[in-house]
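Peer 1: Here this note's numbering runs 20 ahead of the position in the sequence shown, where the first position is 1.
Even glycine gets a Cβ: it sits at the ideal position worked out from N, Cα and C.
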Amino acid sequence: MRDRLNRMMGKTRYVVCRLFLHLSGGEVAPVLGVLNRAARQAMAAEGDLEVLGEELVTICQNLLQYDDYWTSAANEGDVFWSEGEAGDYVNELFTDSAQRYLSEPDFSSASGFDEPLSIPVTRNVVVMLTVAYEGEVPQLETDLSNIQALKEGFKAIINLHYKHNLQAIQVHFSPAQLGDELTNDQLLQYFPELIPL
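Structure, rendered in structure tokens:
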């Protein structure tokens with residue numbers, strides 16, 4: 021009822037949603053490379069939404085290729101009729117995602133060239149995508165805890181970029197760099213909302 025009234029009054033509908041995806045297996049490390057490259061591009065673009073959108077498309081396409089490794093997922097979000105309220109919620113989700121275990125890449129750390137190369141295999145990766153958009157996208161405004169719905173959700177995010185409907189984009193991932201590990205215990209502690217697929 022409230023939605024219909026707001027539409028009749030010509031108000032813009034804003035949706036903010038966050039998607040969690042847990043990938044597991046010995047072959048998931050390349051996903052970290054894609055995520056870190058996208059993070060570097062985003063930082064270099066200084067918030068240019070077009071560049072961020074292109075990187076988001078690359079991430080979504082890559083995740084779709086790794087669907088054999090999808091283990092669990094979750095999603096949440098809300099609808100707003102005020103851009104300010106939607107922005108506040110985006111900031112709230114950003115803060116929450118950034119506080120998750122090892123979800124911020126460290127681009128400042130210098131690698132020691134004389135140290136022997138010994139990197140543990142990353143077996144767990146959690147990707148957190150937050151987007152804000154105008155309009156309605158039923159594929160994102162539903163329960164995405166099954167593989168087919170999740171695939172449709174990633175495709176919908178790609179389409180949002182090409183339709184120029186994205187208002188905000190955030191990508192967090194854990195662990196944030198190759199060599200860090202996210203254990204099963206840490207997964208349960210820091211990502212309790214994940215539902216097995």
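Quick check on His184: does DSSP put it in helix, strand or coil?
Peer 2: The residue labelled residue 184 in the question sits at position 164 within the sequence shown. Correct three-state label for His184: coil.
Peer 1: Can you grab the Cα-Cα spacing for the pair Gln190 / Gln168, in whole Å?
Peer 2: Taking the sequence shown and counting its residues from 1, the one referred to as residue 190 is at position 170. Taking the sequence shown and counting its residues from 1, the one referred to as residue 168 is at position 148. When rounded, the distance between both Cα atoms is 23 Å.
Peer 1: Using 9 Å as the threshold, is the C-beta distance between Leu208 and Phe40 below it?
Peer 2: Taking the first residue of the sequence shown as 1, we reach residue 208 at position 188. Taking the first residue of the sequence shown as 1, we reach residue 40 at position 20. Contact flag unset, no.
Peer 1: Using a 10 Å radius around the Cβ and a threshold of 16 neighbouring Cβ atoms, would you call Asn111 buried or exposed?
Peer 2: Residue 111 sits at position 91 when you count from the first residue of the sequence shown. By the neighbour-count rule (16 or more Cβ atoms within 10 Å), Asn111 is not buried but exposed.
Peer 1: By how many angstroms is the C-alpha of Leu43 removed from the C-alpha of Gln119?
Peer 2: Taking the first residue of the sequence shown as position 1, residue 119 is located at position 99. Taking the first residue of the sequence shown as position 1, residue 43 is located at position 23. Looking at the two C-alpha atoms, the distance is approximately 20 Å.
Peer 1: Can you give me the Cβ contacts of Ala65 inside the same chain, cut-off strictly under 6 Å, excluding the 5 residues immediately before and after it?
Peer 2: Taking the sequence shown and counting its residues from 1, the one referred to as residue 65 is at position 45. Result list for Ala65: Val71, in chain order.
Peer 1: Taking one C-beta from the region 82-98 and one from the region 45-52 each time, how about it: are there three or more such pairs within less than 8 Å?
Peer 2: yes
Peer 1: Keeping to the same chain, check which residues put their C-beta closer than 7 Å to that of Ala106; ignore five residues upstream and five downstream.
Peer 2: Looking up residue 106 in the sequence shown gives position 86. Closer than 7 Å at Cβ, skipping near neighbours: Tyr34, Val36, Phe100 and Ala152.
Peer 1: Could you tell me which residues DSSP pairs with Glu96 in its beta bridges?
Peer 2: For this step, residue 96 is matched to residue 76 along the sequence shown. Arg38, per the DSSP bridge assignment.
Peer 1: State the DSSP-derived secondary structure class of Val146, mapped to helix, strand or coil.
Peer 2: On the sequence shown, residue 146 is found 126 positions in, with the first residue counted as 1. Reduced to three states, the DSSP call for Val146 is strand.
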